[in-house]
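Structure, as structure tokens:
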Amino acid sequence: MKAAVISEFQKPVQIVTQPVPSPAADQLLVKVTSSSLCNSDLAAWLGHVGARTPYCPGHEPVGIIESVGSATRGFQPGDRVGFMPHSQTCMECPECVSGQHRYCEKKTCVGFHVPWGGFSQYCLADPISTVKLPDGLKDEWYAPSSGFAYSTISAPRITPAAVVVPGGMTLNVIGCGGVGHLVIQYAKAMGYRVRGFDISPDKLSLATHSGAFETHRSDQLSPKDKAQTKALQARATIVASGSPAAYELAFPLTATHGRVIAVGVSKDTVPVNLLEMVTRDLSLVATNQGSRQELAECLEIAAATGDIRPVVEMRGFGELEEGFRHMAAGKVSGRLVYRLWE
Numbered sequence: 005m006k007a008a009v010i011s012e013f014q015k016p017v018q019i020v021t022q023p024v025p026s027p028a029a030d031q032l033l034v035k036v037t038s039s040s041l042c043n044s045d046l047a048a049w050l051g052h053v054g055a056r057t058p059y060c061p062g063h064e065p066v067g068i069i070e071s072v073g074s075a076t077r078g079f080q081p082g083d084r085v086g087f088m089p090h091s092q093t094c095m096e097c098p099e100c101v102s103g104q105h106r107y108c109e110k111k112t113c114v115g116f117h118v119p120w121g122g123f124s125q126y127c128l129a130d131p132i133s134t135v136k137l138p139d140g141l142k143d144e145w146y147a148p149s150s151g152f153a154y155s156t157i158s159a160p161r162i163t164p165a166a167v168v169v170p171g172g173m174t175l176n177v178i179g180c181g182g183v184g185h186l187v188i189q190y191a192k193a194m195g196y197r198v199r200g201f202d203i204s205p206d207k208l209s210l211a212t213h214s215g216a217f218e219t220h221r222s223d224q225l226s227p228k229d230k231a232q233t234k235a236l237q238a239r240a241t242i243v244a245s246g247s248p249a250a251y252e253l254a255f256p257l258t259a260t261h262g263r264v265i266a267v268g269v270s271k272d273t274v275p276v277n278l279l280e281m282v283t284r285d286l287s288l289v290a291t292n293q294g295s296r297q298e299l300a301e302c303l304e305i306a307a308a309t310g311d312i313r314p315v316v317e318m319r320g321f322g323e324l325e326e327g328f329r330h331m332a333a334g335k336v337s338g339r340l341v342y343r344l345w346e
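Using this note's numbering, you'd call the opening residue of the sequence shown number 5 and step up by one each time.
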């Protein structure tokens with residue numbers, strides 16, 4: 005099979021030929037049809053998130069089950085599936101016992117630690133991280149949703165629904181690119197009105213296309229201008245950008261008693277005004293992936309409403325290295341999805 009390999013951080017991604025892996029008794033072998041390139045893939049390639057070279061990138065795949073391990077139940081060859089990166093968890097620690105497998109300290113992460121991943125033509129998947137895809141959901145729509153679908157649905161849910169704040173049912177989303185535009189779509193499907201903030205006019209257009217009722221250039225707003233930011237406050241602000249400036253702006257854009265929800269990750273120090281948090285009863289909450297149930301629910305929402313439509317650009321497997329470069333240069337507005345069989 006063909007597989008992408010990153011042997012050194014920040015060096016060219018190679019496409020090599022290697023044997024098809026064999027599933028253990030508790031694994032699935034999936035023929036990957038398409039996979040999305042994510043900001044986490046870029047961060048791993050840059051050496052920022054703990055990937056272990058050499059490894060195969062890609063953690064947002066969709067495919068068809070080729071074979072099923074002898075001890076695996078609930079799946080069969082021919083099932084169309086997607087899966088999350090965590091696998092080979094210990095099943096004994098408090099996190100695993102409580103169903104929070106993604107926090108297991110002994111886990112292996114597909115797309116960061118092993119020779120197969122979203123960008124290999126065949127990949128091993130863990131049943132505890134795998135979901136069957138609903139009918140009507142195209143591969144190219146699922147792939148870019150899978151890696152952060154749990155963030156897009158959990159972020160609006162952890163807003164302070166029980167607290168009446170001036171923003172009412174309005175959410176602010178800072179960063180309206182590949183992740184942010186889907187956060188907007190899911191939040192709207194869940195009944196929220198959404199404002200979009202970004203420094204890029206193209207990404208603000210994407211926010212409008214995704215359902216934001218209002219958009220603003222974040223680089224034209226000052227966190228210190230209280231009159232300016234107060235007029236734009238919402239019950240919660242979801243930060244889908246890794247920029248420290250985005251987090252600095254998020255707190256003034258959040259109404260008293262509200263929440264700032266971290267989705268975007270920065271390698272740099274992020275400024276947090278503790279005095280403002282204390283005096284206005286603000287909280288900062290992070291969302292990291294989600295459960296298999298949340299992923300399945302996200303996909304059902306997408307299939308049932310018909311309103312979740314990632315903006316994608318389809319590319320061939322051989323163009324993967326170029327995709328990393330384009331993403332690093334900030335030249336990608338939506339999501340890059342790759343066909344693995346050409």
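Glycine included, C-beta positions come from ideal geometry on N, C-alpha and C. Only a predicted model underlies this, so the values are computations on that prediction, with no experimental measurement involved.
Supposed close pair residue i, residue j - CB separation, criterion 8 Å
i	j	result
residue 340	residue 40	7 Å
residue 34	residue 67	4 Å
residue 216	residue 199	6 Å
residue 146	residue 86	5 Å
residue 182	residue 202	That belief does not hold up - the Cβ atoms of residue 182 and residue 202 are roughly 12 Å apart, past 8 Å.
residue 186	residue 65	Wrong, their Cβ atoms sit about 17 Å apart, outside the cutoff.
residue 196	residue 173	5 Å
residue 7	residue 17	Not really, about 11 Å apart at Cβ, beyond 8 Å.
residue 93	residue 176	Contact flag wrong, Cβ pair sits at about 35 Å.
residue 243	residue 265	7 Å
residue 219	residue 236	Not really, about 11 Å apart at Cβ, beyond 8 Å.
Pick from the options that is closest to residue i, judged by C-alpha positions
i	options	result
residue 320	224, 136 and 144	144
residue 30	59, 78, 304 and 46	78
residue 136	53, 69, 241 and 325	69
residue 128	106, 19 and 73	73
residue 271	50, 328 and 19	50
residue 15	303, 325, 266 and 346	325
residue 131	95, 249 and 118	95
residue 188	343, 280, 338 and 345	338
residue 20	44, 53, 59 and 52	59
residue 104	219, 311 and 297	297
residue 230	209, 213 and 258	258
residue 44	61, 75, 57 and 205	61
6 Å CB neighbourhood of residue i in its chain, flanking five on each side removed
i	result
residue 269	246
residue 89	63, 113, 114 and 115
residue 307	138, 140 and 141
residue 48	55 and 116
residue 13	51
Neighbourhood of residue i by C-beta distance below 8 Å, restricted to the same chain and skipping five residues each side
i	result
residue 97	108, 109 and 110
residue 276	251, 255 and 288
residue 126	5, 24, 25, 33, 34, 35, 36, 70 and 120
residue 253	178, 201, 222, 225, 227 and 233
Secondary structure of residue i, DSSP reduced to three states
i	result
residue 295	coil
residue 28	coil
residue 224	helix
residue 127	strand
residue 186	helix
residue 331	helix
residue 90	strand
residue 113	strand
residue 170	Legend: pLDDT at residue 170 = 44, less than 50; position of this residue unreliable, no value from coordinates given.
residue 218	strand
residue 6	strand
residue 203	coil
residue 340	strand
residue 135	strand
residue 101	helix
residue 210	helix
What ranges does the alpha helix (DSSP H) occupy inside the stretch 22-85, keeping only unbroken runs of at least 4 residues that lie completely in it? Listed in chain order, they are 43-49.
List, from N- to C-terminal side, the alpha helix (DSSP H) runs of 4 residues or more that fit wholly inside the stretch 235-319. Those alpha helix (DSSP H) runs which fall completely within the stretch 235-319 and span 4+ residues are 248-254, 278-284 and 296-309.
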